[in-house]
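Here my numbering is used: the first residue of the sequence shown is 18, the next is one more, and so on.
To start, the structure itself, in structure tokens.
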Amino acid sequence: MSAITATPTAATSSVPTVGSLLRDGAVATVLAAVATAAVAAAGQAVGFSLDVAGASIPASGFATLTVIFSVIGLLIAVGLRRFARRPRTTWIRTTVALTVLSLVPDVLADAATSTKVLLMVTHLVAAAIVIPAVARRLRA
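This is the structure:
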């Protein structure tokens with residue numbers, strides 16, 4: 018006669034932790050910062066001006082602002098994780114709306130059309146990196 022022994026297994030949670038949200042968000046933030054600075058530098062290398070209202074924006078400025086606004090986005094995600102009924106859906110809707118709104122100052126900027134396009138591309142690059150990375154760590 019043989020005996021069957023059941024080994025208890027740890028219960029896995031389908032709700033990602035705040036730690037995993039912040040970790041993945043931080044990684045996405047760094048990647049987005051590098052990507053936006055690279056896009057700005059590449060644009061400048063091929064002849065796009067980074068002058069807005071007579072002042073030149075350094076490529077590092079793109080990275081810095083990407084980090085600042087991505088951290089604000091992560092704080093929003095943490096709040097949605099706790100208080101929203103459907104955090105992932107709310108996150109995506111909110112961040113897409115904020116991304117669209119972030120394009121408005123670019124359109125209105127005192128800059129050449131090519132500069133405005135480059136500014137908008139950097140916003141879209143950052144959003145394309147950060148939004149999905151954070152969304153994956155939020156409950157649907």
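Each residue gets a CB set at the ideal place from its N, CA and C atoms; glycine is no exception.
Being a predicted model, the structure only gives us computed values, none of them experimental.
Integer Cβ distance of S87 from A152, believed to fall under 8 Å: Between A152 and S87 the Cβ distance is about 14 Å, and since that is not below 8 Å, they are no contact.
Test item: CB-CB of L38 and R154 under 7 Å: yes
Cβ neighbour criterion (16 or more within 10 Å) applied to R98: buried
C-alpha gap between M137 and V121, whole angstroms: 9 Å
Bridge-paired residues (DSSP) for W69: A quick correction: the sequence has Val, not Trp, at residue 69. Note: V69 sits in a beta bridge opposite A72.
Close-in-space but distant-in-sequence residues of the same chain around T132 (CB under 8 Å, 5 per side omitted): F65, S66, L67, D68, V69 and A126
Neighbourhood of A218 by C-beta, 7 Å cutoff - its chain only, sequence neighbours within 5 removed: Past the boundaries of the shown model lies residue 218; the chain is included only from 18 to 157, so the question cannot be answered.
Distance, V113 Cα to V84 Cα: 17 Å
DSSP state of D123 mapped onto helix, strand, coil: helix
Local conformation of R160 per DSSP, three classes: Given that the chain is displayed from residue 18 to residue 157, the structure contains no residue 160 and the question cannot be resolved.
Assumed close pair A72, A54 - CB separation to whole angstroms, cut-off 8 Å: So it is not a contact: roughly 18 Å between Cβ atoms.
Same chain, Cβ closer than 7 Å to S119, neighbours up to 5 away in sequence not counted: H140
Spatial distance of V8 from G96 (CA atoms): This structure leaves residue 8 out entirely; the chain is present only between 18 and 157.
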